[in-house]
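In my numbering, the protein residues as written are 13 to 68.
For glycine and all other residues, C-beta sits at the position ideal for the given N, C-alpha and C.
Right, one structure below, let's go through it.
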């Protein structure tokens with residue numbers, strides 16, 4: 013496992029709708045792209061976070 017994880021947040025109407033974690037930025041971007049095609053009214057943000065913030 014890498015030291016960096018990528019968090020992808022889906023937001024609809026200003027509220028967090030879903031949060032997914034990915035090992036690579038590419039995986040997060042691919043997920044956001046696929047979801048945006050199916051749900052164009054949602055906004056997506058991708059952020060790098062340290063893995064230790066997710067697991068102890």
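Secondary structure at residue 42, three-state DSSP: helix, strand or coil? As a first step, residue 42 must be located in the chain shown, where it is residue number 30. It is helical.
Validate contact between the region 60-67 and the region 22-31 using beta carbons, cut 8 Å, 3 pairs: no
Beta-carbon separation (whole angstroms), residue 50 vs residue 22, contact threshold 8 Å: By one-based count along the chain shown, residue 50 stands at place 38. By one-based count along the chain shown, residue 22 stands at place 10. About 11 Å separates the Cβ atoms of residue 50 and residue 22, ruling out a contact at the 8 Å cut-off.
Per DSSP, what kind of secondary structure is residue 63 in: helix, strand or coil? The residue you call residue 63 lines up with position 51 of the chain shown. The answer is helix: DSSP assigns residue 63 an H, G or I state.
Using the Cα positions of residue 25 and residue 33, report the straight-line distance between them to the nearest angstrom. Numbered from 1 along the chain shown, position 13 holds the residue referred to as residue 25. Numbered from 1 along the chain shown, position 21 holds the residue referred to as residue 33. Rounded to whole angstroms, residue 25 to residue 33 spans 21 Å at the Cα level.
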